[in-house]
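A quick write-up on the structure given underneath.
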Amino acid sequence: MGTYDPNNIFARILRGELPCRKLFEDDHVLAFHDIHPQAPVHVLVIPKGAYISLDDFGARASDIEIAALFRAVAAIARDLGLDAPGYRFMANTGADAHQEVPHFHVHLLGGRKLGPMLSRKAGE
Ligand code: AMP
Numbered sequence: 000m001g002t003y004d005p006n007n008i009f010a011r012i013l014r015g016e017l018p019c020r021k022l023f024e025d026d027h028v029l030a031f032h033d034i035h036p037q038a039p040v041h042v043l044v045i046p047k048g049a050y051i052s053l054d055d056f057g058a059r060a061s062d063i064e065i066a067a068l069f070r071a072v073a074a075i076a077r078d079l080g081l082d083a084p085g086y087r088f089m090a091n092t093g094a095d096a097h098q099e100v101p102h103f104h105v106h107l108l109g110g111r112k113l114g115p116m117l118s119r120k121a122g123e
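Residues in the sequence shown are numbered consecutively from 0, following numbering that gives the first Met the number 0.
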């Protein structure tokens, strides 16, 4: 899995060294708008702890941190009015999924019909 890079972009946002358009914050979670939105709503939700990926988060985070992240995503989606029309919640994990930032984050996407989950058929 490698070691956590404390100078990744999201670690710097958490330390206040880089700005973000913050939507939500509590003891365990920070949520902010993605800088290159892929949908009318594109929010990133990240744990404050130093976790590289979902694999790392799932293995090492406390139950409290894991619950806080899921509760935050659902509450943010509800606050943004996405619960009724629906939304997508996803986490790119590792190279095959094209994870670019090595601090665990989930994407919350919505505000339009998002179409099928992937553009290619299974197996391609
Ligand atoms: P991923 O490919 O899952 O690692 O997604 C990383 C996401 O972080 C991309 O959607 C980027 O647009 C987004 N991103 C990168 N830098 C920033 C930043 N400074 N503020 C907000 N979002 C960012």
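Don't be surprised by glycine CBs; every beta carbon is placed ideally from N, CA and C.
Just so you know, these numbers come straight off a predicted model, no measurement behind them.
When beta bridges are read from the DSSP output, Ile45 appears opposite Leu29. When only Cα atoms are considered, Ser52 and Arg59 end up about 11 Å apart. In the structure shown, Val72 falls within a helical segment according to DSSP collapsed to helix, strand and coil.
Per DSSP, the unbroken beta strand (DSSP E) holding Phe88 starts and ends at 86-89. The secondary-structure analysis by DSSP pairs His106 across a beta bridge with Leu43, Met89. Sequence-distant partners of His104 (beyond 5 residues in either direction) whose C-beta falls short of 6 Å from its own C-beta, in its chain, are Leu43, Ile45.
Put simply, the backbone Cα of Ala66 is about 33 Å away from that of Arg119. With fewer than 16 other Cβ atoms inside 10 Å of its own Cβ, Ala94 counts as exposed. Gly109 counts as buried, since at least 16 other C-beta atoms from the protein chains shown sit within 10 angstroms of its C-beta.
For the options Glu24, Val40, Leu107, the alpha carbon positioned closest to that of Glu64 is the one of Glu24.
Neighbourhood of the ligand AMP, defined by CB distance below 5 Å to any of its heavy atoms: Ile8, Asp33, Ile34, His35, Asn91, Gln98, Glu99, Val100, in chain order.
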